[in-house]
Amino acid sequence: MYRKFTILAAALFLLQAAGPGVAQAPIEEELNLITPVAKTLTDPTLADFAKYAKEKWNITVKTSALAAGTPVAYGQIVEWKGRPQVDIFWGGESALFDKLAEQNLLAKLTLPKDVIDAVPVSIGKPMPIPLKDPKGFWTGTVLEPYGLVYHPKVLARLGVPEPKDWDDLLNPKLKGHIAQCAPTRSSSSHATYEVILQRDGDDKGWEWIRHLGGNTGLFTARSRDVPSVVAKGEFAAGFAVPSYMAFEDRLAGFDIKFVAPKTAWITPEPIAVLAGARHPKAAMMFIEYLLSERGQRVAMERGVFPITPKYRVQGAPGSTAEMAVEFTGGMRSYFDREVTNIYEDDKAQKRYAEVNEKFRKEVESVIEDLKKKY
Amino acid sequence: MNRLRLSLTPAAFGYGLIWTFLIVFVLFPLTRIFYDAFTNEAGGFTLANFLEFFTDSFYLRSFWKSMVLGVVTVFTTSVIGIAVAFLIVRYDFPYRNLFSYLTMLPMILPPLVGVLGFVFILGRAGTLNVLLMDWFGLEHPVNFMYGMQGVLLVETVHLFPLMTMSILDALAKVDPSLEEAAQGVGAKGFRRFRDITLPLTTPGYVSGALLVFIWTFADFLTPLVLGVQDLLAPQAYLNIVQFVDRRIFRMGIVISALLVILAIVFVIAARQYVAIKDYSSLAYSKVERIQLGPVKRWLAVGFLGLLMLICFIPQVGVLLASVGRGWALTPFPEHYTLEFFRAVSIETPKFIINSLLFCGLALLMCLVIGVPMAWVMGRTRAPGRDTMDALTTLILAIPGTALGIAYVRAFNFPLPFIDIPLTGMWIILPLVLVVRRLPYTVRASLSSLQLVHQSMEEAAANVGATRLRTFWDITVPLIWKGIFVGALFSFITSLQEASATIFLTLGGWEMIPFGIFTFYIAGSQSQAAALGVILIVLCALCLYAVNRVAGTRVGGLFG
Amino acid sequence: MFTLLGPSGCGKTTLLRLIAGFYVPDEGEVRFDDRRVNEVPPHERGIGMVFQNYALWPHMTVFDNIAYGLKLQKIASATIAERVGSVLEKVKLGSLGDRYPGQLSGGQQQRVALARALVLNPKILLLDEPLSNLDAKIRISVRAEIRKLQKELGITTVYVTHDQEEALTLSDRIAVFNQGRVLQIGPPRELYERPQSRFVADFIGINNLIDGTVQAADPARKTLTVTTAAGELAALWDERLHPGDTCVLCVRPENAAINAPVDGQNRIKGRIAFAAYLGNSLRYDVELEHGQIFKADIRDPWHHEEFPVGTAVSVSFPASSTVAIAGDR
């Protein structure tokens, strides 16, 4: 039996290798991503890239995206040990990309100079958020804030005003009506906890986190579940949600709203080509496409912001781009305004496990006590 | 004197191949996770991982909560399962045949779909709560679902048919004369039921209970959706899917290994318990059904009807969600659309295609491997036969999560010549499906083989048929129903498999359950629901075929 | 026709299966004529077998059941039809070829099984308790048919049964089995009239066994004198028995008479303990003075006035039907 499969596998492999003129073609006929970015953003960009490739080189690229949370994707890439089964890692925290680069698991980007130069080095004050890797292993692709979501109808029924800032979630009337994902499971949640900790300092910060724990009705398994349960009206408000995830639920017809507090962390959704990727040319072309106006426009339709000041979210009245602008409070580009960032990534990365461990001990393990206390 | 002896023939070679398959695809990966669980990062032997588990209050709480959940689920499914089984097997009442089919249906609740369906109807913003709030001015929604009570509800509804089928099978094998003998000495009604009938169904019951327990024990998706993370299976899953912290990752593997160890312990315990008493009476006996009186008759219908009403909550919820757009805070969706079905079938047909392809392949392999296995167990004295028998029971008990993880760990090395690891080839999905679902084919084939007297085969040998020819011309036609039922069961359960495949699926290989999972985690619950509806319909059709061929007697599958 | 007779579990079926080739002997040899067949697979042994449960394949018609072996030999279908037709005629099932086994009566199924075994023209026919699943009445007629057919075909047949009456009526020779051992082989009459061991005597239906010691042997008059608890009795002479040997005397109930006026026979006193009316005979249980029960038949109950229980009687039987068996056998 086993031997049969080996033969089968070998045959399959030969079939693949025998593809016509692989070596000469400008890009390979296949492209695979591993990504924590929801498929609502990856699917349209990949589909449009395939169209683009067809138009430009008359090559049919078979694309696929392996959905995996940031930590999972990271772990998977490490597990692959330089023999990755996908070509690109897209999304998550830039610090993880740096870690991968240190382990020689990323390939250096070979993008045209004008393309990479269009991406600013950083954004935000007092702590600048890097938008590309000075060593050239990764670059940001789009900008998106981690904010709050809420369901206006449910809030109205509870008699709670619409939240503007993180602290509005501590409203006693919201007790049991908040959904969040543990920082151990979600990088957006982790980053936002760091925002709180760095804003309030450790003691007050942890008190705040415990208080939010007491108000929480549901710890979801993944960050993407947070806007889902709020959109459905199961819970009134959600903590630390990437803007585009919430926007997808809005697009799906749900009555959900998003707000990015002033101190909300903004992620550039980094992207990198994996060392040893089987389709390196297609991978590089995809990144180039993503940074082009065409790619940026496709992304903007889904509720994220351009990575470069060259473009702004703009569409015909009634278009999804305009809906996105309205959904995120009228903003068209992060480069139009002062961006406040108090989150210090180095600090966060150094105590990454420590914060998770403390969360497990002081919130997760004693959640019933917290619910009684607050 | 020997019964058929396997000599160095093609048969022995085939037998060797089967063992090779079992060793490579069952034993080897399992040893790999045990290796992981008992070593540290440096690769040295250590018990520290387990020590850490048993000294961590959170893990300990997870452990006990898992146990309690398992036991309570066994209890609830027993009560319902036994009641249903007895009604169906012993009594006649209106719509009896319909109910006997319907009561099997809850079993085909794909992972996630069941719990999502329940949430749509019984969630905090589900139909029931919305109605309560709209009509009765209820201020805070009633929390039916989020928490242990929700997990228990979902598992009970999902798993009681397993119990029913196990008991049905056992009941059908109880010789009515034993009960009549009891009546002869004055045991009547409930007394007779408790003292004679129920104990006689013990083997069926124990295997059913074992399966329910382990299933509940190993299910991580349901608790996760309902926000219950302090159970073993969700902990294993959550720890493993975060690869960043190697220590937590290893704890996930430790928990998986623990799940396997516990499953082995339970299987051995159950086997010991059943083996104490010899219940062997293989022939199915014809049972006279008792016509219920007018009141009792409608009570039975009422009970089953109500049960079905609860059982079909998830299906109704999922169906509504699959055609409703932006459904929130209203009892029923306000906008209806077929766009989600179009999206998951016509626009991206890969889920359905992959499912049918991989599960079809798995089905074929189940037949090629499982039927000969059953034959070896039932008809020969080949060495290793008993081990093989125990192994099939064990496979049934191994949590899919653990198996998936074992595969990831064990098959991640590049194979010679082709330089691609097995985990990088799609064939790993049908392979893991075969391993997971093989026992159904083996069990069903074996139990129908045992009903065929060996002289049927000897008679063929006598007139000149070779072993193989006999098997093909005589044995197979006589047991094809059993094989068919078992294989179809393997197929249905493969279609629904997610726990092992979630860890192994790469882009392009997505099957329906994985699609449901990714749509769900991408927040597209309606697409997830649409895929769920498609899967349910597919499985219901298969189950209907099973029902037509075999009635409800498919319990022998789970021994 | 050779019959293996013995109680259930005595090993007769095992022997049959060894002959058929379903079991392989751990030691010893199975020979057909002079050919050792230990390693010969069942289908190459030229054997036709009829199973206790007939083992008719329920998914095939009667015709297909019988034709299966021929088809395996790749015989032309016209020839098959012809041979199956003729064997069906032989077992008087000419018109039932297209039925399924489930549609036949037990007797018919039995004959199909026989036809299936015969169609390949086997050198040996093996019958494993072929009548045990039939009603008592049909059994007798099928029994006669089998015997007739076997004689007609002249085929060596090994027949397994636990029914001594069946064995006696059917067989040319009988082997009596117990606990895996053959105790005696011989034609029915020899077995019946000259059992050589206590077990054979008992199994073949001799109900009165009396222990004793040989007192005197008289080869000239062909008699033995035996001392028993019931007194001194005369028995048929046996060259293997000498004065002083322990022995068992066997007396059939039908050879014993009650209160018979005849002289020169063995005669024992006792009391009637029980009487059972069997229709063609009346069987008395007579309690002898030393406590043993002795069975004696009245062969014509019509003309016999039944003795009440307790009546003192004498039982008599001729020495010529009293067989002595060595005590250790």
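Protein chains in written order, with our numbering: chain H, -12 to 361; chain W, 1487 to 2045; chain S, 2 to 330. Cβ atoms here follow ideal geometry from the backbone N, Cα and C, with glycine treated the same way.
Query - Where Asp74 (chain H) falls: helix, strand or coil (DSSP) - result: Taking the first residue of the first sequence as position 1, residue 74 (chain H) is located at position 87. In the structure shown, Asp74 (chain H) sits in coil (DSSP, three-state: anything other than H, G, I, E or B).
Query raised in the report: When burial is assigned at 16 or more other CB atoms within 10 Å of the CB, is Lys13 (chain S) buried or exposed?
Result: For the purposes of this step, residue 13 (chain S) is taken as residue 12 along the third sequence, with counting starting at 1. So Lys13 (chain S) counts as buried.
Report task. Check the Cβ of Ser51 (chain H) against every Cβ in chain W and list those closer than 7 Å, keeping chain order. Result -> Mapped onto the first sequence, residue 51 (chain H) falls at position 64. Within 7 Å Cβ-Cβ: Gly1993 and Gly1994.
Query raised in the report: Since Asp129 (chain S) is in the beta strand (DSSP E), which residue starts that stretch and which ends it?
Result: Walking along the third sequence from the start, residue 129 (chain S) turns up at place 128. Following the DSSP letters along the chain, one finds Asp129 (chain S) inside the beta strand (DSSP E) bounded by residues Ile125 to Asp129.
Query raised in the report: Just checking, does the region 128 to 143 of chain H make contact with the region 251 to 261 of chain H on the three C-beta pairs under 8 Å criterion?
Result: In short, these stretches touch, since the Cβ pair count reaches three.
Query raised in the report: Any contact of the region 161 to 173 of chain S with the region 3 to 20 of chain S, i.e. 3+ C-beta pairs under 8 Å?
Result: Touching, yes.
Query raised in the report: Taking the C-alpha atoms as reference points, what is the distance between Ala10 (chain H) and Asn45 (chain H)?
Result: Here residue 10 (chain H) refers to the residue found at position 23 of the first sequence. Here residue 45 (chain H) refers to the residue found at position 58 of the first sequence. Reliability fails at Ala10 (chain H), whose pLDDT of 47 lies under 50, so the model's placement of it is uncertain and the value that follows must be treated cautiously. Taken atom to atom, the span from the alpha-carbon of Ala10 (chain H) to that of Asn45 (chain H) is near 16 Å.
Requested in this report: Just list the alpha helix (DSSP H) runs in the region 258 to 328 of chain H, keeping only unbroken ones of 4 residues or longer that don't cross its boundaries, in chain order.
Outcome: Restricting attention to alpha helix (DSSP H) runs no shorter than 4 residues, the region 258 to 328 of chain H encloses them at 267 to 278, 280 to 287 and 307 to 314, ordered along the chain.
Query - Contacts around Gly1890 (chain W), its chain only, beta-carbon distance under 8 Å, and the 5 residues preceding and following it disregarded - result: Indexing the second sequence from 1 puts residue 1890 (chain W) at position 404. Here the set comprises Val1918, Ser1985, Ala1986, Thr1987, Ile1988, Phe1989 and Leu1990.
Requested in this report: Figure out for me which residue from S:Ala218, S:Asn208 and S:Glu240 has the closest Cα to the Cα of Pro254 (chain S).
Outcome: In the third sequence, residue 254 (chain S) corresponds to position 253, counting from 1. Nearest option by C-alpha distance: S:Asn208.
Query raised in the report: So Arg268 (chain S) is in the alpha helix (DSSP H); what residue range does that whole segment cover?
Result: Taking the first residue of the third sequence as position 1, residue 268 (chain S) is located at position 267. It is not in any alpha helix (DSSP H) - Arg268 (chain S) instead sits in the beta strand (DSSP E) that spans Asn267 to Tyr278.
Report task. Could you name the residues of the region 1537 to 1560 of chain W whose beta carbon sits closer than 7 Å to any beta carbon of chain H, in the order they occur along the chain? Result -> Listed in chain order, the positions of the region 1537 to 1560 of chain W with a beta carbon within less than 7 Å of a beta carbon of chain H are Ser1543 and Phe1544.
Query raised in the report: Can you tell me whether Ile1776 (chain W) is buried or exposed, with buried defined as 16 or more other CB within 10 angstroms of its CB?
Result: In the second sequence, the residue the question calls residue 1776 (chain W) occupies position 290. Under this definition Ile1776 (chain W) is an exposed residue.
Query raised in the report: From which residue to which residue does the alpha helix (DSSP H) around Lys244 (chain H) run?
Result: On the first sequence, residue 244 (chain H) is found 257 positions in, with the first residue counted as 1. Not the alpha helix (DSSP H): Lys244 (chain H) falls in the beta strand (DSSP E), residues Lys244 to Val246.
Report task. Select from W:Thr1702, W:Pro1647 and W:Leu1710 the residue whose C-alpha is nearest the C-alpha of Tyr1632 (chain W). Result -> Indexing the second sequence from 1 puts residue 1632 (chain W) at position 146. Cα-wise, what sits closest to Tyr1632 (chain W) is W:Leu1710.
Query raised in the report: How long is the line joining the alpha carbons of Asn1526 (chain W) and Pro117 (chain H), rounded to whole angstroms?
Result: Mapped onto the second sequence, residue 1526 (chain W) falls at position 40. Mapped onto the first sequence, residue 117 (chain H) falls at position 130. Going by the C-alpha atoms only, they are around 36 Å apart.
Report task. Just the chain H side, please: which residues come within less than 7 Å of Val1727 (chain W) by C-beta, in chain order? Result -> For this step, residue 1727 (chain W) is matched to residue 241 along the second sequence. By Cβ distance, chain H contributes Gly56 and Val59.
Query raised in the report: Within the chosen definition, does the region 119 to 132 of chain S reach the region 82 to 101 of chain S through at least 3 CB pairs nearer than 8 Å?
Result: Taking 8 Å as the limit for Cβ pairs, the verdict is that the region 82 to 101 of chain S does touch the region 119 to 132 of chain S.
Query raised in the report: Is there at least one Cβ from chain W nearer than 8 Å to Phe64 (chain S)'s Cβ?
Result: Translated into positions along the third sequence, residue 64 (chain S) becomes position 63. So, not an interface residue.
Report task. Let me know the secondary structure DSSP gives Met1911 (chain W) once reduced to three states. Result -> Numbered from its first residue, the second sequence carries residue 1911 (chain W) at position 425. In this structure, Met1911 (chain W) counts as coil in the three-state DSSP scheme.
**Report entry** Spatial neighbours of Asn343 (chain H) in its chain, beta-carbon cut-off 7 Å, leaving aside the 5 residues before and after
**Finding:** Along the first sequence, read from residue 1 onward, the residue named residue 343 (chain H) stands at position 356. Pro170 and Thr171.
Requested in this report: Compare the C-beta of Ile2007 (chain W) with all C-beta atoms of chain H and state if any pair is closer than 8 Å.
Outcome: Mapped onto the second sequence, residue 2007 (chain W) falls at position 521. So yes, Ile2007 (chain W) belongs to the interface.
Requested in this report: Count the other C-beta atoms from every protein chain shown that fall within 10 angstroms of the C-beta of Glu167 (chain S), then say buried if there are 16 or more, exposed otherwise.
Outcome: Within the third sequence, residue 167 (chain S) is the residue found at index 166, counting from 1. Answer is buried; the Cβ neighbour count reaches 16.
Requested in this report: List the residues of chain W that Ala21 (chain S) touches, going by C-beta distances under 8 Å, in chain order.
Outcome: In the third sequence, residue 21 (chain S) corresponds to position 20, counting from 1. Residues of chain W with a Cβ closer than 8 Å to the Cβ of Ala21 (chain S) are, in chain order, Glu1944 and Asn1948.
Query raised in the report: Helix or strand or just coil, what does DSSP make of Met1651 (chain W)?
Result: Translated into positions along the second sequence, residue 1651 (chain W) becomes position 165. Helix.
Report task. For Phe1579 (chain W), collect the residues of the same chain with a Cβ closer than 7 Å to its Cβ; drop the 5 residues on either side in sequence, then sort them by chain order. Result -> Against the second sequence, residue 1579 (chain W) aligns to sequence position 93. So the qualifying residues of the chain are Leu1778, Arg1783, Ala1786 and Val1787.
Report task. Going by CA-CA distance only, name the one from W:Leu1964, W:Thr1979, W:Ala1498 and W:Ile2007 that's closest to His60 (chain S). Result -> Here the question's residue 60 (chain S) lines up with position 59 in the third sequence. Closest option to His60 (chain S), Cα to Cα, is W:Leu1964.
Query raised in the report: Three or more beta-carbon pairs under 8 Å between the region 2006 to 2023 of chain W and the region 1827 to 1846 of chain W, yes or no?
Result: The region 2006 to 2023 of chain W and the region 1827 to 1846 of chain W touch, with no fewer than 3 CB-CB distances between them shorter than 8 Å.
Report task. Indicate whether at least one CB of chain W lies closer than 8 Å to the CB of Phe52 (chain S). Result -> Here residue 52 (chain S) refers to the residue found at position 51 when the third sequence is read from its first residue. Taking Cβ atoms only, chain W reaches closer than 8 Å to Phe52 (chain S), which makes this a yes.
**Report entry** Three-state secondary structure assigned by DSSP to Phe1798 (chain W)
**Finding:** Position 312 of the second sequence, counting from 1, holds the residue named residue 1798 (chain W). DSSP, read as helix, strand or coil, puts Phe1798 (chain W) in coil.
Query raised in the report: From what residue to what residue does the alpha helix (DSSP H) around Glu181 (chain H) run?
Result: The residue given as residue 181 (chain H) occupies position 194 in the first sequence. Segment Ser174 to Asp187, the alpha helix (DSSP H) holding Glu181 (chain H).
**Report entry** Within chain W, the residues that Gly70 (chain S) reaches when beta carbons sit closer than 7 Å
**Finding:** Residue numbering aside, residue 70 (chain S) sits at position 69 when the third sequence is read from its first letter. Per Cβ cutoff of 7 Å: Val1949 and Gly1950.
Query raised in the report: What is the DSSP secondary structure of Trp1505 (chain W), counted as helix, strand or coil?
Result: Here residue 1505 (chain W) refers to the residue found at position 19 of the second sequence. Of the three classes helix, strand and coil, the one that applies to Trp1505 (chain W) here is helix, per DSSP.
Query raised in the report: Which residues, taken in chain order from the region 206 to 227 of chain H, show a beta carbon closer than 8 Å to some beta carbon of chain W?
Result: Answer set for the region 206 to 227 of chain H: Phe206, Thr207, Ala208, Arg209, Arg211, Asp212, Pro214, Ser215, Ala218, Lys219, Gly220, Glu221 and Phe222.
Query raised in the report: Going along the chain, which residues of its own chain have a beta-carbon closer than 6 Å to the beta-carbon of Gln2013 (chain W), five neighbours each way excluded?
Result: As a first step, residue 2013 (chain W) must be located in the second sequence, where it is residue number 527. Listed in chain order, the non-local C-beta contacts of Gln2013 (chain W) below 6 Å within the same chain comprise Phe1826, Ala1829, Val1830 and Phe2005, local neighbours out to five positions each way being set aside.
Query raised in the report: Within 10 angstroms of its Cβ, does Ala313 (chain S) collect 16 or more other Cβ (buried), or is it exposed?
Result: Along the third sequence, read from residue 1 onward, the residue named residue 313 (chain S) stands at position 312. It counts as exposed.
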